[in-house]
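Each remark here refers to the structure printed beneath this line.
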Amino acid sequence: MNHTSPTASSRIVQQCKAWIRWPFRVCQTLIKTLLLGVILFYQRFISPLLGPHCRYTPTCSHYAIQAINLHGIAKGSWLALKRILKCHPLSAGGADPVPAKSTQDKQHEK
(Lines of atoms letter the chains of each structure in order from A and count residues from 1; the text may use other names and numbers.)
(Lines give C-alpha, C1' and ligand atoms only; values in the text may rest on other atoms or scores of the structure.)
Protein backbone atom coordinates (compact mmCIF):
# COMPACT_ATOMS: atom_id res chain seq x y z
CA MET A 1 0.00 0.00 0.00
CA ASN A 2 1.39 3.37 -1.05
CA HIS A 3 1.17 6.02 1.69
CA THR A 4 2.69 8.89 -0.26
CA SER A 5 0.33 11.32 -1.86
CA PRO A 6 0.83 12.53 -5.45
CA THR A 7 1.94 15.91 -4.17
CA ALA A 8 4.57 14.35 -1.89
CA SER A 9 5.96 12.23 -4.71
CA SER A 10 6.07 15.21 -7.05
CA ARG A 11 7.98 17.16 -4.39
CA ILE A 12 10.47 14.31 -4.15
CA VAL A 13 10.91 14.31 -7.93
CA GLN A 14 11.44 18.09 -7.92
CA GLN A 15 14.03 17.75 -5.15
CA CYS A 16 15.89 15.05 -7.10
CA LYS A 17 15.91 17.24 -10.22
CA ALA A 18 17.32 20.12 -8.17
CA TRP A 19 20.12 17.90 -6.83
CA ILE A 20 20.92 16.69 -10.34
CA ARG A 21 21.08 20.27 -11.71
CA TRP A 22 23.17 21.59 -8.81
CA PRO A 23 26.66 20.72 -10.22
CA PHE A 24 25.77 22.31 -13.57
CA ARG A 25 24.65 25.52 -11.89
CA VAL A 26 27.87 25.64 -9.90
CA CYS A 27 29.90 25.24 -13.11
CA GLN A 28 27.86 27.95 -14.84
CA THR A 29 28.41 30.31 -11.93
CA LEU A 30 32.15 29.65 -11.93
CA ILE A 31 32.46 30.20 -15.68
CA LYS A 32 30.37 33.38 -15.50
CA THR A 33 32.49 34.68 -12.61
CA LEU A 34 35.71 33.95 -14.52
CA LEU A 35 34.45 35.65 -17.69
CA LEU A 36 33.31 38.73 -15.81
CA GLY A 37 36.60 38.76 -13.87
CA VAL A 38 38.61 38.80 -17.11
CA ILE A 39 36.50 41.66 -18.45
CA LEU A 40 36.84 43.64 -15.21
CA PHE A 41 40.62 43.04 -15.25
CA TYR A 42 40.71 44.41 -18.80
CA GLN A 43 38.64 47.45 -17.78
CA ARG A 44 40.78 48.25 -14.76
CA PHE A 45 44.33 47.49 -15.94
CA ILE A 46 44.55 47.17 -19.74
CA SER A 47 41.99 49.65 -21.08
CA PRO A 48 43.55 52.69 -19.34
CA LEU A 49 46.88 51.92 -21.06
CA LEU A 50 45.22 51.80 -24.49
CA GLY A 51 43.29 55.04 -24.13
CA PRO A 52 39.73 55.81 -25.25
CA HIS A 53 39.00 54.24 -28.65
CA CYS A 54 35.34 53.42 -28.17
CA ARG A 55 33.09 53.95 -31.18
CA TYR A 56 29.98 52.60 -29.51
CA THR A 57 27.96 53.37 -26.43
CA PRO A 58 28.16 51.44 -24.13
CA THR A 59 31.80 50.42 -24.54
CA CYS A 60 32.45 46.86 -25.72
CA SER A 61 33.51 45.69 -22.26
CA HIS A 62 30.43 47.18 -20.60
CA TYR A 63 28.32 45.68 -23.39
CA ALA A 64 29.87 42.26 -22.71
CA ILE A 65 29.11 42.46 -18.99
CA GLN A 66 25.50 43.51 -19.65
CA ALA A 67 25.01 40.81 -22.31
CA ILE A 68 26.40 38.01 -20.11
CA ASN A 69 24.32 39.12 -17.13
CA LEU A 70 21.14 39.43 -19.21
CA HIS A 71 21.42 36.54 -21.67
CA GLY A 72 23.72 34.08 -19.90
CA ILE A 73 27.17 32.79 -20.71
CA ALA A 74 26.69 31.36 -24.20
CA LYS A 75 24.43 33.92 -25.84
CA GLY A 76 25.96 36.84 -23.93
CA SER A 77 29.47 35.86 -25.04
CA TRP A 78 28.25 35.46 -28.62
CA LEU A 79 26.67 38.92 -28.57
CA ALA A 80 29.86 40.40 -27.09
CA LEU A 81 32.03 38.73 -29.74
CA LYS A 82 29.78 40.03 -32.53
CA ARG A 83 30.00 43.51 -31.05
CA ILE A 84 33.80 43.39 -30.80
CA LEU A 85 34.07 42.22 -34.41
CA LYS A 86 31.76 45.04 -35.46
CA CYS A 87 34.04 47.64 -33.85
CA HIS A 88 36.61 48.73 -36.45
CA PRO A 89 37.81 52.02 -37.99
CA LEU A 90 35.25 51.89 -40.82
CA SER A 91 32.21 51.49 -38.55
CA ALA A 92 30.10 54.53 -37.79
CA GLY A 93 29.67 53.64 -34.11
CA GLY A 94 26.97 55.25 -31.98
CA ALA A 95 24.45 53.85 -29.55
CA ASP A 96 24.23 50.06 -29.61
CA PRO A 97 22.49 48.70 -26.49
CA VAL A 98 22.28 45.04 -25.56
CA PRO A 99 19.13 43.57 -27.14
CA ALA A 100 16.31 42.73 -24.77
CA LYS A 101 15.55 39.13 -23.97
CA SER A 102 13.12 37.65 -26.48
CA THR A 103 10.16 35.45 -25.57
CA GLN A 104 12.01 32.46 -27.08
CA ASP A 105 14.86 32.95 -24.62
CA LYS A 106 12.43 33.02 -21.72
CA GLN A 107 10.79 29.78 -22.91
CA HIS A 108 14.17 27.97 -23.08
CA GLU A 109 14.86 28.78 -19.43
CA LYS A 110 11.80 26.85 -18.25
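The letter at position 32 of the sequence shown is residue 746 when you use the numbering used here, and the numbering goes up by one with no holes.
Built from N, CA and C at the ideal position, the CB exists for glycine as well.
- Cα atoms of PRO803 and THR817: separation of roughly 35 Å, rounded to the nearest angstrom.
- In the structure shown, the three-state DSSP call for THR771 is strand.
- Its Cα nearest to that of ASN783, the residue THR743 stands out among ALA732, ILE734, THR743, ARG725.
- According to DSSP, ALA809 shares a beta bridge with THR771.
- In this structure, ILE779 is the residue among ILE779, PRO811, ALA809 with its C-alpha nearest to the C-alpha of VAL752.
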